[in-house]
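Chains as they are written, first to last, in my numbering: chain D, 1 to 329; chain R, 330 to 658. Heads up, the beta-carbon is just placed ideally off N, CA and C, and yes, glycines get one too. As the structure is a computational prediction, the values presented were derived from the model and not from experiment. Below is one structure, written out as structure tokens; comments come after it.
2 protein chains.
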Amino acid sequence: MNPRILLARRPSGAPVPEDFRFDQAPLPDLADGEVLVRHRFLSLDPYQRGRMDDAKSYAKPVAIGGVMECQAVGEVAASRDGRFREGDWVLGGFGWQAFSARPGKALIPIDPKEAPPSTSLGVLGMPGLTAWVGLKDIGEPKQGETLVVSAASGAVGQVVGQLGKIAGCRVVGIAGGPAKCAFVKDELGFDAALDHRQPLEAPLDAACPDGVDIYWENVGGAVQAAVFPRLRDFGRMVMCGMIAQYNGAPPPGPNLGPVVRKRLRIQGFIVSDTGWARYAQFRAEMLGHIAAGRLTWREDVVQGLANAPAAFIGLLEGRNFGKLVVALD
Amino acid sequence: MNPRILLARRPSGAPVPEDFRFDQAPLPDLADGEVLVRHRFLSLDPYQRGRMDDAKSYAKPVAIGGVMECQAVGEVAASRDGRFREGDWVLGGFGWQAFSARPGKALIPIDPKEAPPSTSLGVLGMPGLTAWVGLKDIGEPKQGETLVVSAASGAVGQVVGQLGKIAGCRVVGIAGGPAKCAFVKDELGFDAALDHRQPLEAPLDAACPDGVDIYWENVGGAVQAAVFPRLRDFGRMVMCGMIAQYNGAPPPGPNLGPVVRKRLRIQGFIVSDTGWARYAQFRAEMLGHIAAGRLTWREDVVQGLANAPAAFIGLLEGRNFGKLVVALD
């Protein structure tokens, strides 16, 4: 049987456990060209909150009664695609469930000897690719510039900041609470870490005496309001996400007058538009950084599919510490 | 003697006549390499409002008691630069006055046979160059896209829309009142013209059934609030100015959530950063469009230096109709 987590109903504001439903289904049949994957790690990411609403967006919502969407890594349990054999590790979009049948051509083979397989959901996966694409295409970091990263200890933020350091930037992380701030500064090597549970204005001025060249936006809300006025001429805002407002009515944003005066660029992106076509280049670069000791990561591993809803609810409240994955038996 | 308009004091909100002071000074002496220019047309532009404040900006403010800043075209009255002779027409940054002495190297020679000299302050000058640079570098119009232009009958807007038509866009102008809307549609050839004195939401939906690919921002405020939600995926906001807020406290802006979801780009620019280095290419292209009958313009000509303050105050309230210039005797 295939245990699964379904979307029971559309959330009103913050998701609650009753918005999800546990379910058992028969194992899927394999069509020609398909592969049965036994999931080992599921990826929980903030974008999945958007899939729970039926608002118009860049991707279709999950249907009521449908399996919650996510990427996962797993091992091939059976294959009707000649390119895959039992025991091969693969990455793909599999959903909150223990098994899935997918066309072989939709799978990315991964080599577990290169790095632990779960990293293909984090530093070597969608979040890392998001950081890499957004920083390269929009942030365009230059030696000596100041980069501010919100949600700095999270799956994307931790990679953004480390890539910023590699590019020669002064990197300031913003995170929630002393433990995350200590991790960001001491283990990730950011130049400074600021706690958004305290007022940010004065610490930002102290940490960014020349202002901010690049702001990596993961959160919106009060953090955005504190950083925006500190952007320098020709500053860039890399608009990756605004998790602070995923569960509620969006507040007004900044008046855009400074965008003209300071020649700012505020640009959004979705990693799936151009990222996966460049995955091989990304992965090679990142493995190089890891081998050279320039890039590390932190995962927050939750055991068991049944705990996925609570872990996801916590993710939207910032209760995870590092890249959130669910380990399955 | 040299009649001049000085900044008497910094405005509080909207400028009033008492913020300006008329003055007569002796004609300036000419140093070696300098040229004495007798101004024929002064350019009044919204950016000059910014120069009246002492707020930090991309350019220094005019000092209290200093000559109000502007570009002008005029004839050489005397020259100590071998490249210029009496009677030559030149364009430069001369100020609200009848004469100025400027280094020859700061002057752009213009040929009055190519087009009426005053056009070097409008369609062939800074406003036209602003339109050309911003549309080329940020708007990046493509055949079949929808371009919405605010302040569409103004100095910049009228050029933006016509260049958009040349690029194959569907062009929708927003202007104040029936006369300006008729001009925008009937004389400039925009596909539609909407009156911002009426509610804009339903007319925008009708004029832009597929949404908006490019929004040229000249005004901010309620017009921005109406257009922003109608931007399509990968839409661009060319942030040229926000005249609606130059005289008052800036209101909040749009929540930036859609920037992520729709992969929008909101980018500001100042024409002087890169524009003048490309002036020759711009002018050649524009003269080609004029010769081919693809590009026209409208000027609002005010007679006499003494009327410049009232005309400028009116410009900030949208009372001009077309590119505002002051003709001097």
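So what does residue i bridge to, in DSSP terms?
i         : result
Glu404(R) : Arg367(R), Trp418(R)
Ile437(R) : Leu420(R)
Ser429(R) : Val366(R)
Gly257(D) : DSSP output for Gly257(D) lists no bridge partner at all.
Gln596(R) : Arg265(D), Val567(R)
Val325(D) : Ser43(D), Val301(D)
Phe413(R) : Paired residue(s): none; Phe413(R) is not in a bridge.
Gly623(R) : Looking at the sequence provided, one finds Arg at residue 623(R) rather than Gly. Arg623(R) is not bridged to any residue.
Arg332(R) : The question names Arg, but residue 332(R) is Pro in the sequence shown. Per DSSP, Gln353(R).
Val462(R) : Looking at the DSSP assignment, Val462(R) forms no beta bridge with any residue, so it has no partner.
Val62(D)  : Answer by DSSP bridge pairing: none, since Val62(D) is not bridged.
Val16(D)  : Partner(s): none; Val16(D) has no beta bridge.
Val452(R) : Bridge partners of Val452(R): none, in fact.
Grab me the residues of residue i's own chain with a C-beta within less than 7 Å of its C-beta, minus the 5 sequence neighbours each way, in chain order.
i         : result
Gly458(R) : Correcting the residue type first, residue 458(R) is Leu in the shown sequence and not Gly. Excluding sequence neighbours, Leu458(R) sits near Val600, Gly604, Tyr608, Phe611.
Leu163(D) : Ala131, Trp132, Leu135
Ser57(D)  : Gly50
Val156(D) : Pro127, Thr130, Ala131, Asn218, Cys240
Pro375(R) : Gly570, Ile572, Tyr575, Leu644, Leu645
Leu204(D) : Leu194, Ala226, Val227, Arg230
Val489(R) : Ala460, Leu464, Val478, Trp545
Pro112(D) : Trp89
Gly629(R) : The sequence as given places Asp at residue 629(R); Gly does not occur at that position. Asn649, Phe650, Gly651, Lys652, Leu653, listed in sequence order.
Gly342(R) : Asn576, Gly577
Taking 8 Å as the limit between beta carbons, can you name the residues of its chain near residue i, skipping five residues before and five after?
i         : result
Leu287(D) : Glu114, Ala115, Leu124
Val62(D)  : Leu7, Arg51, Met52, Met68, Glu69
Leu584(R) : According to the sequence provided, residue 584(R) is Asn. The question's Leu does not apply to it. The answer is none, since no qualifying residue turns up.
Pro28(D)  : Asn2, Leu36, Phe99, Ser100, Ala101
Ala55(D)  : Pro61
Arg197(D) : Gly176, Gly177
Decide if residue i is buried, meaning its Cβ has at least 16 other Cβ atoms within 10 Å, or exposed.
i         : result
Met330(D) : The structure shown does not extend to residue 330(D), since chain D is modelled only from 1 to 329, so the question has no answer here.
Arg40(D)  : buried
Arg414(R) : exposed
Arg590(R) : buried
Pro346(R) : exposed
Ile64(D)  : exposed
Gly564(R) : buried
Ala277(D) : exposed
Gly82(D)  : exposed
Pro355(R) : exposed
Glu145(D) : buried
Ala202(D) : exposed
Gly451(R) : buried
Ala291(D) : exposed
Gly331(D) : With chain D covering only 1 through 329, there is no way to say anything about residue 331(D).
Which residues in the same chain as residue i place their Cβ atom closer than 6 Å to its Cβ, once the five residues preceding and following it in sequence are excluded?
i         : result
Ala661(R) : Not covered by the structure: residue 661(R). The range shown for chain R is 330 to 658.
Val477(R) : Val501, Val541, Tyr544, Val556
Gly220(D) : Met242, Ala244, Gln245
Gln24(D)  : Met1, Pro3
Val567(R) : Gly463, Ile467, Gly468, Trp545
Ala480(R) : Gly486, Asn547, Val548
Can you tell me whether residue i sits near the ligand GTP, meaning its C-beta is under 8 Å from at least one heavy atom of the ligand?
i         : result
Ile467(R) : In terms of ligand content, the structure shown is empty, and the ligand GTP therefore cannot be addressed.
Margin query: With a threshold of 8 Å, are at least 3 pairs of Cβ atoms found where one atom belongs to the region 410 to 421 of chain R and the other to the region 624 to 638 of chain R?
Written below: no
Margin query: To test your reading of the DSSP string, which unbroken alpha helix (DSSP H) runs of 4 or more residues are found completely within the region 532 to 572 of chain R?
Written below: 550 to 556
Note to self: Does the structure place the region 466 to 483 of chain R close enough to the region 496 to 509 of chain R that three or more beta carbon pairs sit under 8 Å?
What the structure shows: yes
Check: Is there contact between the region 96 to 107 of chain D and the region 29 to 44 of chain D, where contact requires at least three CB pairs shorter than 8 Å?
Finding: yes
Next item on the list: Counting only runs of 3+ residues fully inside the region 464 to 538 of chain R, write out the beta strand (DSSP E) ranges in chain order.
Entry: 475 to 479, 499 to 504, 521 to 524
Check: Three or more C-beta pairs closer than 8 Å, one from the region 257 to 266 of chain D and one from the region 178 to 191 of chain D: is that the case here?
Finding: no
Check: Between the region 567 to 580 of chain R and the region 534 to 541 of chain R, are three or more C-beta pairs nearer than 8 Å?
Finding: no
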